[in-house]
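**Student:** Following this message is one structure expressed as structure tokens.
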Amino acid sequence: MKKRPEDTRVVVGMSGGVDSSVTALLLKEQGYDVIGIFMKNWDDTDESGFCTATEDYEDVIQVCNQIGIPYYAVNFEKQYWDKVFTYFLEEYKAGRTPNPDVMCNKEIKFKAFLNHAMSLGADYVATGHYARVEERDGNFVLLRGVDNNKDQTYFLNALSQKQLSKTMFPIGHLPKKEVRERALEANLATAKKKDSTGICFIGERNFKEFLSEFLPAQPGEMQTVDGEVKGQHDGLMYYTLGQRQGLGIGGAGEPWFVIDKDLERNVLIVGQGFHHEGLYSEGLDAIGMNWIVSKPSFEKEFTCMAKLRYRQDDQKVTVYPKEDGTARVYFHEPQRAVTPGQAVVLYEGDVCLGGGTIDHVIKKWENA
Amino acid sequence: MEMIYVDHAATSPLHPKVLDAMLPYFETHFGNPSSIHQFGRQARQALDQSRRTIAKVLGVSEQTLIFTSGGTEADNMAIIGYALENEDKGKHIITSQVEHHAVLHACKELEKRDFDVTYLPVDETGQVKLNDVQAALRDDTILVTLMFGNNEVGTIQPIEEVALLLKEHQAVFHSDAVQACGAVEFDLSDLSVDMLSISAHKINGPKGIGILYVKEGLKLRPVLFGGEQERKRRAGTENVAAIVGFAKAMELTYQSIVERKERYEQFAQILIDTWTKQDVQFFINGHQNERLPHVLNISFPGVNIEQLLMNLDLAGIAASSGSACTAGSIEPSHVLVAMFQDEDTRIQSAIRFSFGLGNTAEQIERVANETAKIVSRLGQQEEFIN
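Pasting the structure below:
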């Protein structure tokens, strides 16, 4: 039998932003036994003593007091460093562009934090993600957030049944606009707070500077596909496939773009034109596939929709899943700037089937 | 659910008699003690009377007492005020690694101003060794500041012995007695301490009021500038109502020192006996005998202290992990680190129970049982997600 809300303890992961504030508010209004917890995962205290986490926690305190729920802070700096940041650096070292948010959800929010919540006798954890969980025939199905523009299932693709079985996404059925409105109506301290952007631990800082603090840069040549030298790059890790800014290649004709990275020769391959053919691919190989509800048949391919990067429109693909946790994905339309290290996430209608990490791209299907 | 407060070392509830004593000074006798009219005179009378009361309890003369905004200001005034006024005598200060941050951070501030500070280590009971004090003394040492009783583990420092040691030295001796005041007997008339800080809110007085005792003849540079209050040593209109409350709290606390000591020892015994009976594994941190009776610091090896404290709070029991910490930065306690260096399990699993007004044996029994229950649940539980 389902517990009544007042007997159901929900621990909300509160970031100090408007989404998690409204998450806590809605749960409280629905009568749950709500506890707010702020996770401190990163220390960015500067010389003047300013720390983003301290500021954010101040907001959490205010909001929790407004809502009337207890609040605590927990420290996951060590876990974050070991599981997320180390991975992040390793991926950059390997010439890829990692997605730390996917890892953060898998290892921190829905592991370290979930475990902590369970130790407090929680029945569920809740976060301010734009996504939905539904129990269907004894399985926990991950569904896209109703606000298509804000849907965050892309970052949640690595969650397991066990994790989802203890998860609530109370704002997943709301458009962002309405979340703001609810915050304003309740006069929450975070109602007008700007949404955070970018990678949480880098914040507003310069990405290149940040990365250079942790990884030695190896400058090298920029070459065209045909080997013509076009200039110098500052280190392959600073560039992303399809990037236009910051190459510093002048001259006539169309602008230049990053086409590829040749790690062995430490060469950045560049090409002219947004639609340069070197930027296009027809498929990819993914590793670490997570199948949220059930594993597919490994004998047979299937067709579904996919996102190859966050907020991309759905793309039609055919998936060839394998038992070893890899999958080959064929695009029905060639895709531009598919980037190893990012996630490939599969959908059937509103249902997120799961996903994996893009290991490498397949330029021409016939050569694969 | 009855809420049980066992965090009296953080702050304590106002004694009802203290509140009664204070109320008239908010309502009818609200005057400024410096004013020449009768409202002023009434306030001045209360201020003087309160100072006399406290002076009598401490065994000192009235003019040695400076009212401050609390323990932190008293510590800052003693350390920074004395150092800046006397730097011609030397720029070396001795303190310990287990002081309150009001002392440690004041010392850090002086380091920025080219003072040299020695932070003495402690043994595993939390005490400094006299030999270390002796060895650290230099010709240019002007100040030794050691806390009377530790706020986290309750260990009492060998104050008398250090005072004797300093008799033949130019260095003056300051002690932060914020946590010890009201918990142990001390009479400043036969204790050779030159400066001493105390605070009202740890002894069932109001927040926002403290005292620095400064032995006659010592010169301090003021930290605040303005009016001529407190014999020009601390500017600012006196917080008369709080001072009246402070005096009342001092009277009350010193009347009951022996009786409370017995009660708190009984409380500690209840906790220890319950856990022993229930096979809960624990260590007591701090000195076995030389300790403040109201503070009991315990390590539960293998237990995540954040989880224990949150669970206790959700069960209506307020305890703490030592000094209050900020934004989830559970820095290991500097006191426990100084005592146990790298014994991580002991440092990271330590919780402080501190007893005070209103606690009953029944309450402490519930604290003991609830803690045992949570500790064994946390100890047994497997991680939900591996």
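Chains A and B, in that order, give the protein sequences. Position one of the first sequence corresponds to residue 1 (our numbering), numbered consecutively onward. Position one of the second sequence corresponds to residue 369 (our numbering), numbered consecutively onward. Beta carbons are placed, not taken as given, at the ideal position from N, Cα and C, and that holds for glycine.
In whole angstroms, give me the CA-to-CA distance for T432(B) and V490(B).
**Tutor:** Taking the first residue of the second sequence as 1, we reach residue 432(B) at position 64. Taking the first residue of the second sequence as 1, we reach residue 490(B) at position 122. Their backbone Cα atoms lie some 31 Å apart in a straight line.
**Student:** Is the CB of A692(B) under 7 Å away from at least one CB in chain A?
**Tutor:** In the second sequence, the residue the question calls residue 692(B) occupies position 324. Note that A692(B) scores 49 on pLDDT, short of 50, meaning its location in the model is unreliable; the coordinates nonetheless yield the value given after this. Not closer than 7 Å to any Cβ of chain A, the Cβ of A692(B) fails to qualify, so no.
**Student:** Using a beta-carbon distance below 7 Å, is H668(B) in contact with chain A?
**Tutor:** What you label residue 668(B) is simply residue 300 of the second sequence in a count that begins at 1. Just to set this straight, residue 668(B) is Phe in the shown sequence, not His. No, F668(B) does not count as interfacial toward chain A.
**Student:** Quick check on the burial criterion: 16 or more other C-beta atoms within 10 angstroms. Buried or exposed for A695(B)?
**Tutor:** As a working mapping, residue 695(B) is identified with position 327 in the second sequence. Any answer about A695(B) is weak, because its pLDDT of 49 lies below 50 and its placement is not dependable; what the coordinates show is given next. Under this definition A695(B) is a buried residue.
**Student:** Does the Cβ of I625(B) have 16 or more other Cβ atoms within 10 Å, making it buried, or fewer, making it exposed?
**Tutor:** In the second sequence, counting from the first residue as 1, residue 625(B) sits at position 257. By the 10 Å Cβ count, I625(B) comes out exposed.
**Student:** Thinking C-beta only, is L142(A) closer than 7 Å to I292(A)?
**Tutor:** Position 292 of the first sequence, counted from the start, is the residue given in the question as residue 292(A). Position 142 of the first sequence, counted from the start, is the residue given in the question as residue 142(A). Closer than 7 Å, so yes.
**Student:** Taking the C-alpha atoms as reference points, what is the distance between V466(B) and Q406(B)?
**Tutor:** As a working mapping, residue 466(B) is identified with position 98 in the second sequence. As a working mapping, residue 406(B) is identified with position 38 in the second sequence. Cα to Cα, V466(B) sits roughly 47 Å from Q406(B).
**Student:** When you measure from the CB of G458(B) to every non-hydrogen atom of the ligand PLP, does any distance come out below 6 Å?
**Tutor:** Among the components modelled here there is no ligand, and therefore nothing to report on the ligand PLP.
**Student:** Would you say A695(B) lies against chain A (beta-carbon separation less than 7 Å)?
**Tutor:** Along the second sequence, one-based indexing puts residue 695(B) at 327. With a pLDDT of only 49 at A695(B), under the threshold of 50, the placement of this residue in the model should not be trusted, and no figure is reported.
**Student:** Excluding sequence positions up to five away, which residues of its chain have a Cβ less than 7 Å from the Cβ of V329(A)?
**Tutor:** Here residue 329(A) refers to the residue found at position 329 when the first sequence is read from its first residue. Counting only Cβ-Cβ distances below 7 Å, and skipping sequence neighbours, we find G283, L284, A286, A306, V317, V319, V344.
**Student:** Check the Cβ of L355(B) against every Cβ in chain A and list those closer than 7 Å, keeping chain order.
**Tutor:** Nothing in the structure corresponds to residue 355(B), since chain B is present only between 369 and 754.
**Student:** Any beta carbon of chain A sitting closer than 7 Å to that of F806(B)?
**Tutor:** Outside the shown range of chain B, which is 369 to 754, sits residue 806(B), and nothing can be said about it.
**Student:** Note down, in chain order, each residue of its chain lying with its Cβ closer than 7 Å to the Cβ of K166(A), except the 5 sequence neighbours on either side.
**Tutor:** As a first step, residue 166(A) must be located in the first sequence, where it is residue number 166. Cβ neighbours of K166(A) beyond the five flanking positions: L114, Y124, V125.
**Student:** If you draw a straight line from the C-alpha of N454(B) to the C-alpha of E711(B), how long is it?
**Tutor:** Taking the second sequence and counting its residues from 1, the one referred to as residue 454(B) is at position 86. Taking the second sequence and counting its residues from 1, the one referred to as residue 711(B) is at position 343. Cα to Cα, the separation comes out at about 40 Å.
**Student:** Under three-state DSSP, which class holds H542(B)?
**Tutor:** Locating residue 542(B) in the second sequence gives position 174, counting from the first residue. Reduced to three states, the DSSP call for H542(B) is strand.
**Student:** Taking one C-beta from the region 147 to 158 of chain A and one from the region 103 to 119 of chain A each time, how about it: are there three or more such pairs within less than 8 Å?
**Tutor:** Counting Cβ pairs under 8 Å, three or more are found: they touch.
**Student:** Using Cβ-Cβ distances below 7 Å, what residues of the region 181 to 205 of chain A are close to chain B?
**Tutor:** Against chain B - using a Cβ distance shorter than 7 Å - the region 181 to 205 of chain A contributes no residues.
**Student:** Check the Cβ of L704(B) against every Cβ in chain A and list those closer than 8 Å, keeping chain order.
**Tutor:** In the second sequence, the residue the question calls residue 704(B) occupies position 336. Chain A residues near L704(B): none, gap ~16 Å exceeds 8 Å.
**Student:** Measure the Cβ-Cβ separation of V608(B) and A389(B) and say whether it is below 7 Å.
**Tutor:** Translated into positions along the second sequence, residue 608(B) becomes position 240. Translated into positions along the second sequence, residue 389(B) becomes position 21. Contact flag unset, no.
**Student:** Cutting at 7 Å between CB atoms, please list the residues of its own chain near P100(A), excluding the five before and the five after it.
**Tutor:** The residue labelled residue 100(A) in the question sits at position 100 within the first sequence. Same-chain partners within the cutoff: V84, F88, I199.
**Student:** What in chain A is Cβ-close to Q675(B), meaning under 8 Å?
**Tutor:** Taking the second sequence and counting its residues from 1, one reaches residue 675(B) at position 307. Residues of chain A passing the Cβ test: H116, S119, L120.
**Student:** In chain order, what residues of the same chain have a beta carbon less than 6 Å from the beta carbon of E221(A), not counting five sequence neighbours either side?
**Tutor:** Locating residue 221(A) in the first sequence gives position 221, counting from the first residue. Correct list, in chain order: V229, V267.
**Student:** Does DSSP put S418(B) in a helix, a strand or coil?
**Tutor:** As a first step, residue 418(B) must be located in the second sequence, where it is residue number 50. Three-state result, S418(B): helix.
**Student:** Going along the chain, which residues of its own chain have a beta-carbon closer than 6 Å to the beta-carbon of M371(B), five neighbours each way excluded?
**Tutor:** To locate residue 371(B), count along the second sequence from 1; it is residue 3. Same-chain partners within the cutoff: G684.
**Student:** Going along the chain, which residues of the region 150 to 164 of chain A sit with their C-beta nearer than 7 Å to a C-beta in chain B?
**Tutor:** So the close ones are K162, Q163.
**Student:** Which parts of the region 409 to 479 of chain B are runs of the beta strand (DSSP E), unbroken and 3 residues or longer, counting only runs that do not cross its ends?
**Tutor:** 433 to 436, 460 to 464, all fully within the region 409 to 479 of chain B.
**Student:** Just reading off the beta strand (DSSP E) that G517(B) is part of, what are its end residues?
**Tutor:** Taking the first residue of the second sequence as 1, we reach residue 517(B) at position 149. That residue, G517(B), is in no beta strand (DSSP E); it is neither H nor E in DSSP.
**Student:** Is the number of C-beta pairs between the region 557 to 576 of chain B and the region 532 to 541 of chain B that are closer than 8 Å three or more?
**Tutor:** Yes: at least three Cβ pairs fall under 8 Å.
**Student:** Would you verify that the beta carbon of K322(A) is, or is not, closer than 7 Å to some beta carbon of chain B?
**Tutor:** By one-based count along the first sequence, residue 322(A) stands at place 322. For K322(A), the answer is no, since every Cβ of chain B falls outside 7 Å of its Cβ.
**Student:** To the nearest angstrom, how far is it from the Cα of A692(B) to the Cα of H376(B)?
**Tutor:** Locating residue 692(B) in the second sequence gives position 324, where the first residue counts as 1. Locating residue 376(B) in the second sequence gives position 8, where the first residue counts as 1. Because A692(B) carries a pLDDT of 49, less than 50, the predicted location of this residue cannot be relied on, and the following value inherits that uncertainty. Their Cα atoms are separated by approximately 12 Å.
**Student:** For the region 417 to 426 of chain B against the region 441 to 451 of chain B, do three or more pairs of beta-carbon atoms, one drawn from each stretch, fall closer than 8 Å, so that the two count as touching?
**Tutor:** They do not touch, by the three-pair rule.
**Student:** Following the continuous beta strand (DSSP E) through G231(A), name the residue where it begins and the one where it ends.
**Tutor:** Within the first sequence, numbered from 1, the residue matching residue 231(A) stands at position 231. Start and end: 229 to 233.
**Student:** If contact is defined by three or more beta carbon pairs under 8 Å, each pair taking one atom from either stretch, is the region 65 to 84 of chain A in contact with the region 31 to 41 of chain A?
**Tutor:** At 8 Å Cβ cutoff, the stretches touch.
**Student:** Check whether the region 518 to 530 of chain B touches the region 730 to 748 of chain B, counting contact only when three or more Cβ pairs, one atom from each stretch, lie closer than 8 Å.
**Tutor:** No contact exists between the region 518 to 530 of chain B and the region 730 to 748 of chain B.
**Student:** Would you say the region 658 to 675 of chain B touches the region 49 to 67 of chain A, given that touching needs at least three Cβ pairs under 8 Å?
**Tutor:** With the cut-off at 8 Å, the region 658 to 675 of chain B and the region 49 to 67 of chain A do not touch.
**Student:** Should V374(B) be flagged as near chain A, meaning a C-beta pair shorter than 7 Å?
**Tutor:** Here residue 374(B) refers to the residue found at position 6 when the second sequence is read from its first residue. Chain A, which has no Cβ nearer than 7 Å to the Cβ of V374(B), makes this no.
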